[in-house]
Amino acid sequence: MRTGNHIESYPRHIALSDSVVVWFWLAVLMMALIMLPAVSGLFVLGLAIRILIAAVGAIGLNLLTGSTGQISLGQSGFLAAGCYTTGLLIADYNWPPELALPMSGFVTAALSLLVGIPSLRLKGLYLAITTLAFSFIITQFLLFAEPITHGPYGVRIENTTFFGVDLARPTALYYFCLAVLVLVTLGVLNIMRTRVGRAFNAIRDHDIAARAMGVNLTIYKLTAFGASSFIVGLAGGLMAFQFRFINVDIFSVTLAIEALAMIIVGGLGSVAGAIIGAAFIIILPEVVGDAIALLPDAVGEVLANGALEVKGLLIGLVIILTLRLEPDGLIGVWRNTKRYWSRWPLSV
Amino acid sequence: MDLFLNFVASGLVIGSVYGLIGMSFAIIFRTTSVLNFAQGEVMMLVAYVSWTLAHTLHFPFWLLLPTTILLAPLIGMAIERLFIRPMSGQPIFAIVMVTIGVAIVLRSLTILVWGHEFEGFNVPFSGGVFEIGPVFLLTEQLAVLILFAVVSLLAWAFFRFSRVGMAMRATSQDETAALLMGIDSRRMSSFAWGISAIVSGLAGIMVSVMFARAPDMWHFGLKSFPATILGGLDSPIGSGFGGLVIGVIGELSAGYIWNGLKEISGLILIIVILMVRPYGLFGEKELERV
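Protein sequences, first through last, are from chains A and B. Just so we're aligned: 332 in our numbering is position 332 of the first sequence, and the numbers increase by one with no gaps anywhere. Just so we're aligned: 1252 in our numbering is position 252 of the second sequence, and the numbers increase by one with no gaps anywhere.
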């Protein structure tokens, strides 16, 4: 009789997952993702690229907000910092893209330490407002410091050759984003299994208690800010390759709220949740947009004219409903379903 | 000197708007300890409804003002009842996230219903110019200053003397004790949302009279955070004066240092303040047991 899942050797203990089934389905998923450009049209591919980039950003935010419990409303500012770093380094300083992309991670991480230092004394709402303030300051700087950032005129990126591959081609960009996402996922999953990750969770659960247990709040909070923003900066850098023409208007408050919606819907503190949430938030408006096209003309036209508003409405409703009905998000639904099946007929 | 005084005057005008919105943040926060991220959107919605009353239904101004003051709390209380009350007992983080969701829902609905157009909001007193020494003020700017003074005074008197105001203060100090004294804390939360909708709704009308009834009005909600942080999240009067300070600093820094600072000088100020005093200038430090 099965009494539980016993781990009896160190290699099994170190493995990310010791379940053959999980590895099998992950392999199937990876195969499907690799095959996607061969079968899909350009629209689906564009959508997939958006999901991949959003997932990288959501994993980054999740590391800070979900795992360490530091609420950040400043994601649009950090994304903007990453995006502009890559864009400006390539366009104005002729840096090779191979160096510009990692640099965007480092610059954003350095900026985030600036926010991180006040965070050492701030909690909850005050921190949320401070991060919001920082993101305003960053976008305002980008808009007004014209000699450095081209101000309102935006930045055009011509050179997108990454190790001999031109990322202007959607297929190439897709595989590149996929690779970044896989690397980031593996990185964060492993961080969360180390001393650092456990310290993050301790800070989230109760920072004063964590401090009493010997977790150095200064070091670990700043690490969380740095690591999270490094990843968000990378996502910003990828956005530069995606748009190839960047402008401050992209980085509105709504973007930061969308990012929060992704990790709330997916499930706070879970890497898989962040990826699922990103996919959900990107796909939902598209599906609803298609559904609206099926409506009678009069209603459909009103809603089609306000596509942006319909999207906002959906994101707001999704946030409200998730928090009200299933605070653990989609990953919580998945866990419950899994438990229901594995414990049947004793499940509740 | 004349220039300086004019900067101060226009700073006070825009600061009054920040102050009114800051006050409505504080009214909700001190009663329910929830920071309402949807305040700017509530303000926008009330202003839009009032604009429709004035321009589509042609309400005269003497009727428009009382009608708006009656409608605003209904809007505020409806939002509280629909979205916030079902979340009671949940962590503050979740409730604040819900207000962010409400914000984006309200904003989108308002724009879907009323469209993207900028529309003027005409009131009988707009258009005149007042000259006070070297300072020039439009009549509507003067009206904002007067409105701010009146609302601050009323808010102070309300919290100081009225039964409901005292009950709200009691709820914020100790919810259990307040319940034992026979105060219905849920009703207090509902009242807080209603009152703050009036205050921010009046601010919204003044914004649309001074600039336009525009789909980006909700930005004023975000811009008013510095006011309420400066004055203390739990002090309506403090938040009001915080607004004046932020407004004047914004105008002065934009006038004398750099135009780009207008929007962000208040934000820079509160980051510095929070680094020195993490609970705001007038907020109280919480002691926490583990």
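By construction, the Cβ of each residue, glycine as well, lies at the ideal position given by its N, Cα and C atoms.
Q) Cα separation between V287/A and F43/A? A) The residue you call residue 287/A lines up with position 287 of the first sequence. The residue you call residue 43/A lines up with position 43 of the first sequence. C-alpha separation (whole angstroms): 13 Å.
(Q) Among the candidates M1001/B, G1238/B and S1033/B, whose CA atom is the shortest distance from the CA of R1186/B? (A) Stepping through the second sequence from its first residue, residue 1186/B is reached at position 186. Ranking the options by Cα distance to R1186/B, first place goes to S1033/B.
Q: Identify, in the order they occur along the chain, each residue of the same chain with its Cβ nearer than 8 Å to the Cβ of M1181/B, setting aside the five sequence neighbours on each side.
A: In the second sequence, the residue the question calls residue 1181/B occupies position 181. Around M1181/B: A1170.
(Q) When you compare the CB positions of G267/A and G214/A, do they come within less than 8 Å of one another, or not? (A) Counting from 1 along the first sequence, the entry for residue 267/A is found at position 267. Counting from 1 along the first sequence, the entry for residue 214/A is found at position 214. The answer is no: Cβ separation not under 8 Å.
Q: Report yes or no: is there a C-beta of chain C within less than 8 Å of the C-beta of G1247/B?
A: Here chain C cannot be found, since the structure's protein chains are A and B.
Q. So, helix, strand or coil for R204/A, using DSSP?
A. For this step, residue 204/A is matched to residue 204 along the first sequence. Helix at R204/A.
Q: For V1164/B, collect the residues of the same chain with a Cβ closer than 7 Å to its Cβ; drop the 5 residues on either side in sequence, then sort them by chain order.
A: Taking the first residue of the second sequence as 1, we reach residue 1164/B at position 164. If we look at V1164/B and ignore the five residues flanking it on each side, its Cβ neighbours are F1191.
(Q) Distance cutoff 8 Å, beta carbons only. Does Y153/A sit that close to anything in chain B? (A) Taking the first sequence and counting its residues from 1, the one referred to as residue 153/A is at position 153. Taking Cβ atoms only, chain B never reaches closer than 8 Å to Y153/A, which makes this a no.
Q.
By the DSSP assignment, the beta strand (DSSP E) with F251/A in it spans what residues?
A. Position 251 of the first sequence holds residue 251/A. Neither: F251/A is in no beta strand (DSSP E) and is coded neither H nor E.
(Q) Taking only three categories from DSSP, how would you classify I1132/B? (A) Taking the first residue of the second sequence as position 1, residue 1132/B is located at position 132. The answer is strand: DSSP assigns I1132/B an E or B state.
Q: State buried or exposed for A38/A, treating a residue as buried only when at least 16 other CB atoms are found within 10 Å of its CB.
A: On the first sequence, residue 38/A is found 38 positions in, with the first residue counted as 1. Classification for A38/A: exposed.
(Q) On the DSSP letters alone, give me the boundaries of the alpha helix (DSSP H) that M1166/B sits inside. (A) For this step, residue 1166/B is matched to residue 166 along the second sequence. Segment R1163 to Q1173, the alpha helix (DSSP H) holding M1166/B.
Q. Taking Cβ positions only, does G214/A come closer than 8 Å to chain B?
A. Position 214 of the first sequence holds residue 214/A. For G214/A, the answer is no, since every Cβ of chain B falls outside 8 Å of its Cβ.
Q. Name the DSSP beta bridge partners of D166/A, please?
A. Looking up residue 166/A in the first sequence gives position 166. Per DSSP, T161/A.
**Q.** Residues from the stretch 1252-1280 of chain B in contact with chain A, defined by Cβ distance under 8 Å
**A.** W1258, N1259, G1260, E1263, I1264, L1267, I1268, I1270, I1271, L1274, M1275, P1278, Y1279 and G1280
Q | DSSP three-state assignment for F1118/B, whether helix, strand or coil | A | Working through the second sequence from its first residue, we reach residue 1118/B at position 118. Note: F1118/B maps to coil in three-state DSSP.
Q) Does DSSP put V155/A in a helix, in a strand, or in coil? A) Against the first sequence, residue 155/A aligns to sequence position 155. The answer is strand: DSSP assigns V155/A an E or B state.
Q: Confirm, please, whether the CB-CB distance from P1215/B to G1266/B is below 8 Å.
A: Residue mapping note: residue 1266/B aligns to position 266 of the second sequence, counting from 1. Residue mapping note: residue 1215/B aligns to position 215 of the second sequence, counting from 1. Not a contact, by the Cβ cut-off of 8 Å.
Q) Is the beta carbon of D18/A sitting closer than 8 Å to the one on I7/A? A) Position 18 of the first sequence, counted from the first residue, corresponds to residue 18/A. Position 7 of the first sequence, counted from the first residue, corresponds to residue 7/A. Yes. Within cutoff.
**Q.** Separation of S72/A from N1036/B, as counted between CA atoms
**A.** The count along the second sequence starts at 1 and reaches residue 1036/B at position 36. The count along the first sequence starts at 1 and reaches residue 72/A at position 72. The alpha-carbon atoms of N1036/B and S72/A are separated by roughly 16 Å.
Q) How would you label A1177/B, buried or exposed, when you count the other beta carbons within 10 angstroms and need 16 or more for buried? A) Stepping through the second sequence from its first residue, residue 1177/B is reached at position 177. Classification for A1177/B: exposed.
Q) To which residues does DSSP link F1004/B through a beta bridge? A) Translated into positions along the second sequence, residue 1004/B becomes position 4. BP columns for F1004/B are empty, so no partner.
(Q) Can you list, in chain order, the residues of its chain with a C-beta nearer than 7 Å to that of W1114/B? Leave out the 5 residues immediately preceding and following it. (A) Here residue 1114/B is taken as the residue at index 114 of the second sequence, counted from 1. Closer than 7 Å at Cβ, skipping near neighbours: Y1048.
Q: Could you tell me whether the stretch 1231-1247 of chain B touches the stretch 144-155 of chain A, using the rule of 3 or more Cβ pairs below 8 Å?
A: no
Q. Along chain B, which residues have their Cβ under 7 Å away from the Cβ of T130/A?
A. Mapped onto the first sequence, residue 130/A falls at position 130. In chain order: I1271 and L1274.
Q. In this structure, does DSSP put R1081/B in helix, strand or coil?
A. Working through the second sequence from its first residue, we reach residue 1081/B at position 81. Helix.
Q) In three-state terms, what does DSSP make of F245/A? A) Start at 1 with the first residue of the first sequence, and residue 245/A comes out as number 245. In the structure shown, F245/A sits in a strand (DSSP, three-state: E or B).
Q | Check whether T86/A and R204/A have beta carbons under 8 Å apart | A | For the purposes of this step, residue 86/A is identified with residue 86 of the first sequence, where counting begins at 1. For the purposes of this step, residue 204/A is identified with residue 204 of the first sequence, where counting begins at 1. No, they are not a contact pair.
Q. Using a C-beta to C-beta distance shorter than 9 Å, which residues of chain A count as neighbours of S1239/B?
A. Here residue 1239/B refers to the residue found at position 239 of the second sequence. In chain order: nothing, as chain A lies at least about 13 Å away.
**Q.** 8 Å Cβ cutoff met for I1014/B and G1255/B
**A.** Position 14 of the second sequence holds residue 1014/B. Position 255 of the second sequence holds residue 1255/B. No, Cβ-Cβ distance for I1014/B and G1255/B is not below 8 Å.
Q: Quick one: using the 10 Å Cβ neighbour count with 16 as the cut-off for buried, is G988/B buried or exposed?
A: Residue 988/B cannot be examined here, being either before or after the span of chain B that is shown, 1001 to 1290.
(Q) For G74/A and S119/A, which I take to be in contact (beta-carbon distance under 8 Å), what is that distance rounded to the nearest angstrom? (A) Counted from its first residue, the first sequence places residue 74/A at position 74. Counted from its first residue, the first sequence places residue 119/A at position 119. The Cβ separation is near 11 Å, so there is no contact.
(Q) Does the stretch 1136-1144 of chain B come into contact with the stretch 1002-1016 of chain B, if we say contact requires no fewer than three beta-carbon pairs (one atom in each stretch) closer than 8 Å? (A) yes
Q) If you measure from the beta carbon of E326/A to each beta carbon in chain B, is any gap under 8 Å? A) Here residue 326/A refers to the residue found at position 326 of the first sequence. Not closer than 8 Å to any Cβ of chain B, the Cβ of E326/A fails to qualify, so no.
(Q) Quick check on the DSSP output: what are the complete alpha helix (DSSP H) runs of length 4 or more inside the stretch 1184-1213 of chain B, in order along the chain? (A) 1185-1210
Q. Looking at the unbroken alpha helix (DSSP H) that takes in F1241/B, where does it start and where does it end?
A. By one-based count along the second sequence, residue 1241/B stands at place 241. Counting along the chain, the alpha helix (DSSP H) containing F1241/B begins and ends at P1236 to Y1256.
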